[in-house]
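A.B. asks: Encoded as structure tokens, here's the structure I'll be asking about.
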Amino acid sequence: MSNSNQPQQSDTQTGAPRKEAGTWQSMVDNNKALLLRKTGQDTAHWVEQARAAGIRSDRELRDWMRDGFGVTGYAQYAVSWEMFGYPEFMLRDADELIDGQYANHPQLRPIADAILAWASATVGVQIQMRKGYVSLHSPRRKFAQLTRSTNSAVDVTLRLDAPAGGRLEQVRTRADDPFTLRVRLASPEQVDDELLEILAAALAQNT
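Going by numbering that gives the first Met the number 0, the residue at position 205 of the sequence shown is 204; the numbering climbs one at a time, nothing skipped.
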């Protein structure tokens with residue numbers, strides 16, 4: 000898997016630094032760190048204990064960790080993935096993931112590429128590839144998500160304290176979801192100065 004902590008490489012045409020986009024490896028590492036913080040024991044310890052307890056399935060593991068030790072949520076994934084294997088898509092590198100998102104909609108790929116070019120050139124932005132979307136992170140937390148939402152559009156969903164209006168549309172979310180605004184893009188020309196200013200504002204608010 001690609002590692003988002005790898006040194007930056009240079010773009011062969013511009014000479015500008017080009018960031019390595021992260022895949023699921025950062026989530027794996029974060030879940031392992033969370034498990035260690037919560038329990039004081041690393042993933043290998045929990046795998047050994049679960050196997051000794053005769054755990055044979057993901058459901059058994061989750062119930063065992065929750066009911067016996069109070070370990071829930073993402074911390075469980077670290078142990079489950081080690082015991083029962085990683086989903087196939089988590090083993091793909093960043094290029095495979097972005098290619099898969101736009102394989103059937105190549106006309107939308109330039110929109111994603113334009114936003115990723117901004118993210119790659121912007122100090123403090125980390126790119127994380129997922130199976131169905133791309134998330135953009137500040138050093139503090141995620142501030143934007145890029146998703147092919149329809150057959151003809153890409154959505155940029157934002158963690159941004161700003162009123163809806165103009166290009167900023169309100170998104171119907173759960174009460175605790177901070178990503179309440181989006182910009183819908185139908186062409187790469189819409190990745191313009193106005194959109195980049197919106198992205199920069201979201202980055203600044205979440206840094």
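Each residue gets a CB set at the ideal place from its N, CA and C atoms; glycine is no exception.
If we call anything under 7 Å between Cβ atoms a contact, is L157 one with A143?
C.D. replies: It is a contact, given that the beta carbons lie within the stated cut-off.
A.B. asks: Can you give me the C-alpha to C-alpha distance between R58 and R140, rounded to a whole angstrom?
C.D. replies: If you take the alpha carbons of R58 and R140, they lie about 30 Å apart.
A.B. asks: For H104, which three-state DSSP category applies?
C.D. replies: Of the three classes helix, strand and coil, the one that applies to H104 here is coil, per DSSP.
A.B. asks: How many whole angstroms separate the CB atoms of L195 and W117, which I take to be in contact at a CB cut-off of 8 Å?
C.D. replies: Sure, about 6 Å apart at Cβ, within 8 Å.
A.B. asks: Alpha carbon to alpha carbon, what distance is there between L115 and R17?
C.D. replies: Confidence at R17 is low in this model, with a pLDDT of 48, below 50, so the placement of that residue should be treated as unreliable; the coordinate-derived value is given next. If you take the alpha carbons of R17 and L115, they lie about 10 Å apart.
A.B. asks: Could you check what DSSP says for F178 in three-state terms: helix, strand or coil?
C.D. replies: If DSSP states are grouped into helix, strand and coil, F178 belongs with coil.
A.B. asks: Distance check for T149 and N205, CA to CA, integer angstroms please.
C.D. replies: Roughly 28 Å separates the two Cα atoms.
A.B. asks: Let's test the definition: count the other Cβ atoms within 10 Å of the Cβ of V190 and tell me whether it reaches 16, buried, or not, exposed.
C.D. replies: When all chains shown are included, V190 counts as buried.
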